[in-house]
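Some notes on the structure that comes next.
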Amino acid sequence: MQIQSSKISDHNQRHKTQHNADLSYIYDRIEKKGLDPEEILQKVGDFQVAIPSWALGTGGTRFGRFPSGGEPRNLEEKIEDVGLLHALNRSSGAISLHIPWDIPKDYIAVSNLAKSLGLKFDAVNSNTFQDQLNQGLSYKFGSLCHTDASIRKQAVDHNKEVIDHGIKIGSKSITVWLSDGSNFPGQQNFRKALSHTLDSLREIYDHLPDDWQMFVEYKPFEPNFYSTVIPDWGTSFLLSSKLGLKAYSLVDLGHHLPNTNIEQIVATLMGEHKLGGFHFNDSKFADDDLTVGAIKPYQLFLIFNELIYGMEGENEGDPPIAWMIDASHNVKDPLEDLLQSVEAIKLSYAQALLVDRDKLEETRENNDVVAAQEILQDAYRTDVRALLTEARIRNAAAYDPVGLFRTLKLRERLMKERGSKTIATGL
Ligand code: RM4
Ligand code: MN
Ligand code: MN
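Using numbering that gives the first Met the number 0, read the sequence shown as starting at 0 and increasing by one per residue.
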């Protein structure tokens, strides 16, 4: 299913007067700050966030799942869903596949479908946290870290296959997230587990084409609760440094214990030129996978403040960071939730672009704590929504993506087309 472009332009036309009034406010604010609104608009319009193929269906917890209908039944329909998002916001121009949940059957057909919707293929993801039907050996006690060399080999081979699938669709990176770890003290030899993991990752790394990157994701707990083999940014950094120039750390916002200073982690990794991937979500506790910006929008702004400091400074020559949403939608419509997440990411990005960096540095040099806070909060409290809207309108996307999704009854149409009992593969 696709949206007719006239539906979008009619919708935009209806909101034109209101939008123009809102836009003049923000243009004024930006100019008063001595910045160029057009330049900021361009950056905001260009910012693209990949959508994971596993976030298009309803997520669940171990207690249950409440699908709302019309979920994509196969990879093609997942790509079509991301196409809908991208048509509405022109900011979700990539999809990230999880293997084996989404193995393309016909690479050319899948590539052509994506291209026709303006989509690229982002990082491919391997899965050694579940046992698949017909799989020889079990990952119950780990994969790349396993005590048994034949299980490690099976997991390494799977990652190599994931790279091979990615090559065929034009991906340029693989994300490795491991659930490996232990549930009880004494269960695992920490040092052996880490060293097996490094050796296994080395074999996968050797399989990477020259123009590929590997992202090493970390997570402090779940599904293992006593220890995980790659629990934190430091361990991820250690591994990516040992692996080589094509390996980077990946920050998933939900993979931190409560109150961790994630912006500082971002600053440190960027200082080492080792931040390669980013998974956005929000949380109250840890890997809650909630809508981006739903709970801690100021933290997201502070993270963007560090990202921009790097991207517009010493990290300018680094490969672009792979931005992705990694969220789950237990009670919301997945597509509406994703639209909200993309909006929240771009709002924080735009607000952080408004920070007067020279002045901020000056206040820091002078240890003027109050003035430093004023500068950050002045940017954070600026209402930049009309700027995002303007960027969308210029890119032929919708004035109000969620509003139009509802007016056009897209979910109802998807339910009619696909049925109300469909369940997408994923978690
Ligand atoms: C993990 C992690 C990975 C994602 C899986 C589905 O918690 O965030 O990035 O691949 O979930
Ligand atoms: Mn993640
Ligand atoms: Mn996660």
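Heads up, the beta-carbon is just placed ideally off N, CA and C, and yes, glycines get one too. Predicted model, so just to flag it, every value in this text is computed and none were measured.
query                                                                                                                                                               : result
Within this structure, are the beta carbons of residue 397 and residue 11 separated by less than 8 Å?                                                               : yes
Around the Cβ of residue 279, are there at least 16 other Cβ atoms within 10 angstroms (buried) or fewer (exposed)?                                                 : buried
Classify residue 339 as helix, strand or coil using the three-state DSSP reduction.                                                                                 : helix
Terminal residues of the continuous beta strand (DSSP E) containing residue 373?                                                                                    : Element bounds for residue 373: not the beta strand (DSSP E) but the alpha helix (DSSP H), 368-379.
Is the beta carbon of residue 422 sitting closer than 8 Å to the one on residue 51?                                                                                 : no
Starting from the N-terminal side, write out each stretch of the beta strand (DSSP E) that is 3 residues or longer and does not extend beyond the segment 174-243.  : 212-216
Among 401, 392, 418, which has the Cα closest to the Cα of residue 45?                                                                                              : 392
Using a 10 Å radius around the Cβ and a threshold of 16 neighbouring Cβ atoms, would you call residue 388 buried or exposed?                                        : buried
Applying the criterion that 16 or more other CB atoms from any shown protein chain within 10 Å of the CB defines a buried residue, is residue 24 buried or exposed? : exposed
Grab the span of the beta strand (DSSP E) containing residue 24 for me, first residue to last.                                                                      : Element bounds for residue 24: not the beta strand (DSSP E) but the alpha helix (DSSP H), 15-31.
Buried or exposed for residue 416, going by 16 or more other Cβ atoms inside 10 Å?                                                                                  : exposed
Taking only heavy atoms of ligand 1 into account, decide whether any of them is closer than 7 Å to the Cβ of residue 124.                                           : yes
Does residue 259 come out as helix, strand or coil in the three-state DSSP assignment?                                                                              : coil
Give me whichever residues DSSP pairs with residue 391 in a beta bridge.                                                                                            : DSSP lists no partner for residue 391.
Excluding five sequence neighbours on each side, which residues of the same chain lie with their C-beta closer than 6 Å to the C-beta of residue 414?               : 68, 69
Tell me the start and end of each unbroken beta strand (DSSP E) in the segment 296-360 that is at least 3 residues and wholly inside, in chain order.               : 321-324
Could you have a look at residue 2 and say whether DSSP puts it in helix, strand or coil?                                                                           : coil
Sort out for me which residues DSSP pairs residue 247 with in a bridge.                                                                                             : 214
With distances taken between CB atoms, is the gap from residue 286 to residue 309 smaller than 8 Å?                                                                 : no
Exposed or buried, residue 181, counting other C-beta atoms within 10 Å across all chains shown (16 or more means buried)?                                          : buried
When the Cα atoms are used, what is the spatial distance from residue 202 to residue 302?                                                                           : 33 Å
Within the continuous alpha helix (DSSP H) that includes residue 44, where are the two ends?                                                                        : 36-45
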